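Chemist: The structure follows.
There are 2 protein chains.
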Amino acid sequence: MARRPLPFDPIALARVNWDERSTGGAAMQFATSIMRVQQIVLSVTDAALKPFGLNFARFEALVLLSFSRTGSLPMGKMGERLMIHPASVTNIVDRLEEKGFVTRNAHPDDGRTTLCTLTQPGRAIVERSLVAVNDAMFGLTELSYDDLETGTALLTKLRAQHGDFTSEHDVIPSSGNS
Amino acid sequence: MARRPLPFDPIALARVNWDERSTGGAAMQFATSIMRVQQIVLSVTDAALKPFGLNFARFEALVLLSFSRTGSLPMGKMGERLMIHPASVTNIVDRLEEKGFVTRNAHPDDGRTTLCTLTQPGRAIVERSLVAVNDAMFGLTELSYDDLETGTALLTKLRAQHGDFTSEHDVIPSSGNS
DNA sequence: GGCATTTAGTTTGATGTCCAACTACTCCTG
DNA sequence: CAGGAGTAGTTGGACATCAAACTAAATGCC
Numbered sequence: 000m001a002r003r004p005l006p007f008d009p010i011a012l013a014r015v016n017w018d019e020r021s022t023g024g025a026a027m028q029f030a031t032s033i034m035r036v037q038q039i040v041l042s043v044t045d046a047a048l049k050p051f052g053l054n055f056a057r058f059e060a061l062v063l064l065s066f067s068r069t070g071s072l073p074m075g076k077m078g079e080r081l082m083i084h085p086a087s088v089t090n091i092v093d094r095l096e097e098k099g100f101v102t103r104n105a106h107p108d109d110g111r112t113t114l115c116t117l118t119q120p121g122r123a124i125v126e127r128s129l130v131a132v133n134d135a136m137f138g139l140t141e142l143s144y145d146d147l148e149t150g151t152a153l154l155t156k157l158r159a160q161h162g163d164f165t166s167e168h169d170v171i172p173s174s175g176n177s
Numbered sequence: 000m001a002r003r004p005l006p007f008d009p010i011a012l013a014r015v016n017w018d019e020r021s022t023g024g025a026a027m028q029f030a031t032s033i034m035r036v037q038q039i040v041l042s043v044t045d046a047a048l049k050p051f052g053l054n055f056a057r058f059e060a061l062v063l064l065s066f067s068r069t070g071s072l073p074m075g076k077m078g079e080r081l082m083i084h085p086a087s088v089t090n091i092v093d094r095l096e097e098k099g100f101v102t103r104n105a106h107p108d109d110g111r112t113t114l115c116t117l118t119q120p121g122r123a124i125v126e127r128s129l130v131a132v133n134d135a136m137f138g139l140t141e142l143s144y145d146d147l148e149t150g151t152a153l154l155t156k157l158r159a160q161h162g163d164f165t166s167e168h169d170v171i172p173s174s175g176n177s
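If you read the sequences in order, they're chains A and B.
Numbering that gives the first Met the number 0 applies: residue 0 is where the first sequence begins, and numbers increase by one.
Numbering that gives the first Met the number 0 applies: residue 0 is where the second sequence begins, and numbers increase by one.
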């Protein structure tokens, strides 16, 4: 996109107009801001990942695999963790496989399941791209640590409310990694 | 999508794993949460708008027009305000025109410019869909008013930093509406 | 006035996501 | 152990967004 900045904040302006007409202006402004910031975060990280032949979705998938003990997860599990549609997992893994970053393997016990496994080049790419994303995120957020934590807490509240996870245990699943 | 909730927060788990390996975990968690919440907000509002034959993008365009004095704006102006690509404006206006909510008119003074004008049915739909969106947003955010304001302030800081607008004047452009 | 440059909008093509339908396999039940 | 129900993953189709190339009109400069 790369449009030059407006002399005013169009979302804040929309808020003012909205308030003149209706209730819920605060929610509207928040929602609209979310939309826009998502776009920003996505474009910044995608740009940082482009040299590696990755985008944010594929990067997340690789990182997820690298977090698992064996570097290997069933595709369905990946979809759950990344909170994306099974069809998207198929697409993502297709691309990663093309580039040689992962392989598809049969599950030893369950014939339905396909395991997705990080390759050695895949592991190397995770290492390097992780640094790139970190740099990009720092470039993006001169938000303070507290700001980030506050924002995350807020967003997490929303996600919990919408049923992303049962908030019984706040964070960690029973066992360690995988 | 509509997946049943996980027994833990996958993003919080990713944060833990990330922290074991690298810096920037807070930024990563915030970024990932943004991505997910955007998805939630979008799906909730789109669902609310479906009965009207609208989605969030088209709804925003209609609302923007309804805010303008004459109910009519050049397409380029719409793209600026909505912060979307010109090609997206074309697409959105195409759909709205099909449904009879807007018309395209020639600009009186500038032959290059196309004015997009709200029709009477369009105005009626804005009225009704605005209520629906408001209800949906309230359903979504049991976030307190303060939470919404805090969150918006944070996101706005980020947007300003990324060049969405020059932060000289904080909010309002020179003249009132339009 | 005439021609290069800029601006407005559309078109085309590449991506990416989701949904719905489908195949293949497993599990459960009688 | 046969058949129905559920689960894992893929495929095809719909849709949205953006980038780049293109057309048409306005602006500016000599």
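Ideal Cβ positions, reconstructed from N, Cα and C, are used throughout, including at glycine.
What you are looking at is a predicted structure, and each value in this text was computed from that prediction instead of being measured.
Do we get a CB-CB distance below 7 Å when we pair Gly150 of chain B with the residues of chain A?
Modeler: For the purposes of this step, residue 150 of chain B is taken as the residue at position 151 of the second sequence. Closer than 7 Å: yes.
Chemist: Count the CB pairs spanning the region 119-139 of chain A and the region 35-44 of chain A that are closer than 8 Å, and state whether there are at least three.
Modeler: yes
Chemist: Is there at least one Cβ from chain A nearer than 7 Å to His168 of chain B's Cβ?
Modeler: Position 169 of the second sequence, counting from 1, holds the residue named residue 168 of chain B. Here His168 of chain B scores only 47 on pLDDT, less than 50, and its place in the model is too uncertain to base an answer on.
Chemist: Spatial neighbours of Val125 of chain B within its chain, please: CB distance less than 7 Å, with the 5 preceding and 5 following residues excluded, ordered by chain position.
Modeler: Translated into the one-based positions of the second sequence, residue 125 of chain B becomes position 126. Correct list, in chain order: Leu61, Val62 and Ser65.
Chemist: If you measure from the beta carbon of Ile91 of chain A to each beta carbon in chain B, is any gap under 7 Å?
Modeler: By one-based count along the first sequence, residue 91 of chain A stands at place 92. Closer than 7 Å: no.
Chemist: Indicate whether at least one CB of chain B lies closer than 7 Å to the CB of Asp8 of chain A.
Modeler: Locating residue 8 of chain A in the first sequence gives position 9, where the first residue counts as 1. Output row for Asp8 of chain A: interface = yes.
Chemist: Give me the chain A residues within the contact set of Pro4 of chain B, using Cβ-Cβ distance strictly less than 7 Å, ordered along the chain.
Modeler: In the second sequence, residue 4 of chain B corresponds to position 5, counting from 1. Proximity of chain A to Pro4 of chain B at the Cβ level (cut-off 7 Å) is accounted for by Gly162, Asp163, Phe164 and Thr165, in chain order.
Chemist: DSSP on His161 of chain A, reduced to helix/strand/coil?
Modeler: Taking the first sequence and counting its residues from 1, one reaches residue 161 of chain A at position 162. Note: His161 of chain A maps to coil in three-state DSSP.
Chemist: Evaluate contact between the region 112-130 of chain A and the region 78-85 of chain A, counting only Cβ atoms and requiring at least three cross-stretch pairs below 8 Å.
Modeler: no
Chemist: Tell me, please, whether the region 25-36 of chain A touches the region 13-29 of chain B by the rule of three or more beta-carbon pairs shorter than 8 Å.
Modeler: no
Chemist: Against chain A, with Cβ distances strictly below 7 Å, would Thr113 of chain B count as a contact?
Modeler: On the second sequence, position 114 is the one that residue 113 of chain B refers to. Output row for Thr113 of chain B: interface = no.
Chemist: By how many angstroms is the C-alpha of His161 of chain B removed from the C-alpha of Leu5 of chain A?
Modeler: In the first sequence, residue 5 of chain A corresponds to position 6, counting from 1. In the second sequence, residue 161 of chain B corresponds to position 162, counting from 1. Cα-Cα distance, rounded: 12 Å.
Chemist: Alpha carbon to alpha carbon, how far is Val15 of chain A from Met74 of chain B? Give it in angstroms, no decimals.
Modeler: As a first step, residue 74 of chain B must be located in the second sequence, where it is residue number 75. As a first step, residue 15 of chain A must be located in the first sequence, where it is residue number 16. Rounded to whole angstroms, Met74 of chain B to Val15 of chain A spans 22 Å at the Cα level.
Chemist: In whole angstroms, give me the CA-to-CA distance for Pro172 of chain B and Asn54 of chain A.
Modeler: The residue labelled residue 172 of chain B in the question sits at position 173 within the second sequence. The residue labelled residue 54 of chain A in the question sits at position 55 within the first sequence. Note that Pro172 of chain B scores a pLDDT of 47, beneath 50, so its modelled location is shaky and nothing firm can be said.
Chemist: Compare the C-beta of Ser174 of chain B with all C-beta atoms of chain A and state if any pair is closer than 7 Å.
Modeler: Residue numbering aside, residue 174 of chain B sits at position 175 when the second sequence is read from its first letter. Per-residue confidence for Ser174 of chain B stands at a pLDDT of 40, beneath the threshold of 50, marking its modelled position as unreliable; the derived number appears in the next sentence. Using a Cβ-Cβ cut-off of 7 Å, Ser174 of chain B does not count as an interface residue toward chain A, since no Cβ of chain A sits closer than that to its own.
Chemist: If you measure from the beta carbon of Val36 of chain A to each beta carbon in chain B, is any gap under 7 Å?
Modeler: Counted from its first residue, the first sequence places residue 36 of chain A at position 37. Closer than 7 Å to some Cβ of chain B, the Cβ of Val36 of chain A qualifies, so yes.
Chemist: Mind checking whether Leu237 of chain B and Val36 of chain A have CB atoms under 7 Å apart?
Modeler: This structure leaves residue 237 of chain B out entirely; chain B is present only between 0 and 177.
Chemist: With H, G and I counted as helix, E and B as strand and the rest as coil, what does DSSP make of Arg94 of chain B?
Modeler: Residue 94 of chain B sits at position 95 when you count from the first residue of the second sequence. Arg94 of chain B: helix per DSSP, three-state reduction.
Chemist: Using the Cβ count rule (16 or more neighbours within 10 Å means buried), how would you classify Asp169 of chain A?
Modeler: Position 170 of the first sequence, counted from the first residue, corresponds to residue 169 of chain A. Per-residue confidence for Asp169 of chain A stands at a pLDDT of 45, beneath the threshold of 50, marking its modelled position as unreliable; no derived number is given.
Chemist: According to DSSP, is Thr140 of chain B helix, strand or coil?
Modeler: Locating residue 140 of chain B in the second sequence gives position 141, counting from the first residue. Residue state, collapsed to three classes: coil.
Chemist: Thinking C-alpha only, which one of B:Asp18, B:Ser128 and B:Ile83 is nearest Phe100 of chain B?
Modeler: Position 101 of the second sequence holds residue 100 of chain B. Measuring from the Cα of Phe100 of chain B, the nearest candidate turns out to be B:Ser128.
Chemist: Under 6 Å Cβ to Cβ from Ile91 of chain B, same chain only, skipping five residues before and after it: list those, please.
Modeler: Residue 91 of chain B sits at position 92 when you count from the first residue of the second sequence. Correct list, in chain order: Ala56, Arg57 and Ala60.
Chemist: Which residue spans inside the region 29-97 of chain A form an unbroken alpha helix (DSSP H) run of at least 4?
Modeler: Segments of the alpha helix (DSSP H) lying fully in the region 29-97 of chain A: 55-66, 74-81 and 85-97.
Chemist: How would you label Thr89 of chain A, buried or exposed, when you count the other beta carbons within 10 angstroms and need 16 or more for buried?
Modeler: Taking the first sequence and counting its residues from 1, one reaches residue 89 of chain A at position 90. Flag for Thr89 of chain A reads exposed.
Chemist: I need the boundaries of the alpha helix (DSSP H) containing Leu5 of chain B, first residue and last residue.
Modeler: Against the second sequence, residue 5 of chain B aligns to sequence position 6. Where Leu5 of chain B is concerned, there is no enclosing alpha helix (DSSP H), given that its DSSP letter is neither H nor E.
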